[in-house]
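**Student:** One structure, as structure tokens, below. Some questions next.
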Amino acid sequence: MQIPPKVTDRAFDRLAEIGAGAQGQALRVAVEGGGCSGFQYDIRLDEAADGDLVLEGHGERVVVDDVSLPFLAGAVIDFADELIGARFVIENPNATSSCGCGTSFSI
């Protein structure tokens with residue numbers, strides 16, 4: 001059995017700030033082949049689809065498709081507001097290395 005990803009309160013709060021739920025949207029976190037390390041994250045607002053894992057909090061939703069779920073088992077989805085910019089970030093225990101950009105990783 002896989003441990004589903006966890007979403008922080010900070011990430012749910014940011015989704016509420018941008019009004020994602022009010023627009024009927026959820027934050028989709030997916031893993032695709034590519035990037036400089038082999039895999040990359042696709043993070044965007046989208047509608048939930050059949051078969052998605054739906055994580056809910058603060059009236060907001062984060063969705064993960066069934067193909068991406070094994071790559072995100074035990075991961076933490078967070079929101080960071082730093083000097084270099086504000087963005088959703090993934091702390092992924094399955095990644096053995098990652099790129100400096102933070103969106104590309106290898107397993």
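For what it's worth, UniProt numbering labels the leading residue of the sequence shown as 1, then goes sequentially. We treat Cβ as the ideally placed atom computed from N, Cα and C, and that holds for glycine.
(1) For Gly34, I'd like the list of residues in its chain whose CB is within less than 7 Å of its CB, leaving aside the five on either flank, ordered along the chain.
(2) With DSSP collapsed to three states, give me the class of Glu60.
(3) Where do the N-terminal and C-terminal ends of the alpha helix (DSSP H) with Glu17 fall, by residue?
(4) Once the 5 residues before and after Ile3 are set aside, which same chain residues still bring their CB inside 8 Å of it?
(5) Could you name the residues of the same chain whose beta carbon sits closer than 8 Å to that of residue 114, not counting the 5 residues immediately before and after it, in chain order?
(6) Suppose you measure from the CA of Leu27 to the CA of Phe88; what does that come to, to the nearest Å?
**Tutor:** If we stick to the structure as given:
(1) For the purposes of this step, residue 34 is taken as the residue at position 34 of the sequence shown. Closer than 7 Å at the Cβ level, and outside the excluded window around Gly34, lie Gln40.
(2) As a working note, residue 60 is residue 60 in the sequence shown. In this structure, Glu60 counts as strand in the three-state DSSP scheme.
(3) Position 17 of the sequence shown, counting from 1, holds the residue named residue 17. Element bounds for Glu17: 9–17.
(4) Locating residue 3 in the sequence shown gives position 3, counting from the first residue. Taken in chain order, the residues that qualify are Ala73, Gly74.
(5) The chain is shown only over 1 to 107; residue 114 falls outside these bounds and no answer can be derived.
(6) One-based indexing of the sequence shown puts residue 27 at position 27. One-based indexing of the sequence shown puts residue 88 at position 88. When rounded, the distance between both Cα atoms is 10 Å.
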